[in-house]
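Residue numbers (this note's numbering): 915 to 1070.
First the structure, in the form of structure tokens, and then the observations on it.
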């Protein structure tokens, strides 16, 4: 993957502020090291995610790097965003949650994964993924809630 190759987003489903902030941070020349580190880690992890493009994995890794940088300075949790293209794909959201935890373990084997919360669109599929991830000890947060039914399911 070439550092100068612009990343292309293939869908638009009201991207989160966090995901937008990741792209803004990656455009900042001061964060060139994040891009280089992301590329290196992506090459190391790519064999574990053969169905994922290297660009998408690199964005997940970069999101993890940026979130991990904040952890030492806060007492609470950090949020990462599942790919909005996965809003209607339970299994892909589950895989993303597992992948983020693997990325955090790769970045810092001593990190506390319970401090990482993945934001998931509160679609039916997204909320089913939240149930699966919760059973695995991966924290999630239902987002893009428009109805009381979504709110109740997200709270469960």
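Note that beta-carbon positions come from the ideal geometry of N, C-alpha and C, so glycine has one too.
Got a sec? Which residues, its chain only, sit under 6 Å from residue 1042 by beta carbon, not counting five neighbours each side? On the chain shown, residue 1042 is found 128 positions in, with the first residue counted as 1. Correct list, in chain order: 1004.
Using a threshold of 8 Å, state whether the C-beta atoms of residue 963 and residue 994 are closer than that. Working through the chain shown from its first residue, we reach residue 963 at position 49. Working through the chain shown from its first residue, we reach residue 994 at position 80. Not closer than 8 Å, so no.
Cutting at 7 Å between CB atoms, please list the residues of its own chain near residue 1044, excluding the five before and the five after it. Your numbering for residue 1044 matches position 130 in the chain shown. Here the set comprises 1034, 1054, 1056.
Quick one: using the 10 Å Cβ neighbour count with 16 as the cut-off for buried, is residue 987 buried or exposed? Residue numbering aside, residue 987 sits at position 73 when the chain shown is read from its first letter. Classification for residue 987: exposed.
Three-state secondary structure (DSSP) of residue 966: In the chain shown, residue 966 corresponds to position 52, counting from 1. Assigned with DSSP and collapsed to three states, residue 966 falls in coil, not helix or strand.
Alpha carbon of residue 947 to alpha carbon of residue 935, nearest angstrom: The residue you call residue 947 lines up with position 33 of the chain shown. The residue you call residue 935 lines up with position 21 of the chain shown. Looking at the two C-alpha atoms, the distance is approximately 17 Å.
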